[in-house]
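Participant:
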Amino acid sequence: MDGMQNRRLAVAFQAVLKQVSNLWNHPLFAHAVDKPLLPAPLAYTYFLFLHTTARSDEAIARRVIPLCLVQLGLAAHDAVDRTACPRARQLTVLAGDYASSLYYALLAQMDDIALIRTLARAIERINAWKVEMAEAFAARTLTAERYRALRANVDAHLYSEAIAAECGTERREEGHKWAAFVHALADLVNLEQEWRAVVQPQAEPGWYVRLRLREASGGEDEGSAAREPLLLKLGLDRDIAAALRRVHALAEPLFEGLPGAVHAELAALLAALKEQVEAVAPVA
Numbered sequence: 004m005d006g007m008q009n010r011r012l013a014v015a016f017q018a019v020l021k022q023v024s025n026l027w028n029h030p031l032f033a034h035a036v037d038k039p040l041l042p043a044p045l046a047y048t049y050f051l052f053l054h055t056t057a058r059s060d061e062a063i064a065r066r067v068i069p070l071c072l073v074q075l076g077l078a079a080h081d082a083v084d085r086t087a088c089p090r091a092r093q094l095t096v097l098a099g100d101y102a103s104s105l106y107y108a109l110l111a112q113m114d115d116i117a118l119i120r121t122l123a124r125a126i127e128r129i130n131a132w133k134v135e136m137a138e139a140f141a142a143r144t145l146t147a148e149r150y151r152a153l154r155a156n157v158d159a160h161l162y163s164e165a166i167a168a169e170c171g172t173e174r175r176e177e178g179h180k181w182a183a184f185v186h187a188l189a190d191l192v193n194l195e196q197e198w199r200a201v202v203q204p205q206a207e208p209g210w211y212v213r214l215r216l217r218e219a220s221g222g223e224d225e226g227s228a229a230r231e232p233l234l235l236k237l238g239l240d241r242d243i244a245a246a247l248r249r250v251h252a253l254a255e256p257l258f259e260g261l262p263g264a265v266h267a268e269l270a271a272l273l274a275a276l277k278e279q280v281e282a283v284a285p286v287a
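So the sequence shown is numbered by our numbering: it starts at 4 and just counts up by one.
#1: Which residue from T146, L72, A125 and L70 puts its Cα closest to that of A219?
#2: Touch check for the region 189 to 203 and the region 151 to 163: three-plus C-beta pairs under 8 angstroms?
#3: Reducing DSSP to helix, strand and coil, say where Q17 ends up.
#4: What is the C-beta distance between Y49 and L272, in whole angstroms, given that I count them as a contact (C-beta under 8 angstroms)?
#5: Does V202 come out as helix, strand or coil in the three-state DSSP assignment?
#6: Give me the Cα-Cα distance between Y162 and Q17, rounded to the nearest whole angstrom.
#7: With three or more C-beta pairs closer than 8 angstroms as the rule, is the region 10 to 25 touching the region 259 to 272?
#8: If you reduce the DSSP assignment to three classes, tell me which class D115 lands in.
#9: From L77 to A165, what does the alpha carbon distance come to, in whole angstroms?
#10: Using DSSP with H/G/I as helix, E/B as strand and the rest coil, what is G178?
#11: At the level of alpha carbons, what is the spacing between E148 and Y211?
#12: Could you tell me if N28 is buried or exposed, where buried requires 16 or more neighbouring beta carbons within 10 angstroms of its beta carbon?
#13: So for R128, helix, strand or coil by DSSP?
#14: Between the Cα of R215 and those of A200, L239 and A206, spot the shortest distance and give me the residue it belongs to.
#15: On a CA-only basis, which of V14, A245, V283 and E135 is nearest Q203? Give me that one, please.
#16: Output yes or no for whether 9 angstroms exceeds the beta carbon distance between R66 and L20.
Structure, rendered in structure tokens:
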């Protein structure tokens, strides 16, 4: 199989993302609300997993698109700015509700009630984790490592539960391997995004960075000028490198028996992540 054929899946996934973008761009709020970032590596991993099943390309797209929409809906609700004007807050909430309603409508058209139930339970669990994080952060009892674990749970859970539902009992062990990989991938993506945010002027640091700074300073918030050198001292770059190594280690068992095109694209995904991470955290 030549390189052009190997990239067929990447092109197909970009077409899926284009459909998601088209569905999101409702004229009522498309220009008034910032579109949340979709964790594309997680969605692509789910897309690649589905290509190990007997489902057609069309059936795979019909499953990936709703999950991307509900992920955008959840992220939009998280992005509501309490300091913004009422109309801006209302439009952001409406955008999240709209994305979620599209997700339910698409799955209902597929008549896949089992998947709707699976994802509804997953959303309920995700919201519970978010409440736990918010309450613990406000009470100053949330540690950086607890937040890191919960954040990975929140971002990976939709995909890992969808994978588990697809595998059932017949492919349970395989499902566990994919779910562990998705969870590790979510952790890596979050760490890398937080690092990039902290080194940008005027950027608001993420929760993990804020908690690491708080812990390092004995409970006091550090000024922005101290962020990058302190994070280097604390070893956040080493955290990112270690997270990447864990992702690679969990990917190894997945490579066994994968279809050629899926194998190639999973390898390409890992190579792209390594390149991004090495920009801030050289990996041995």
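Think of the CB as a built atom: it goes at the ideal place given N, C-alpha and C, for glycine as much as any other residue.
Facilitator: Once the coordinates are examined:
#1: If we check each option's Cα against that of A219, T146 comes out closest.
#2: yes
#3: Residue state, collapsed to three classes: helix.
#4: Not a contact, Cβ separation roughly 12 angstroms.
#5: Collapsing the DSSP output to three states places V202 in coil.
#6: Each residue's Cα considered, the two are about 18 angstroms apart.
#7: yes
#8: coil
#9: 16 angstroms
#10: Of the three classes helix, strand and coil, the one that applies to G178 here is helix, per DSSP.
#11: Using only the alpha carbons, I get a separation of about 8 angstroms.
#12: Classification for N28: exposed.
#13: helix
#14: Looking at the Cα atoms, L239 is the closest of the given residues.
#15: V283
#16: no
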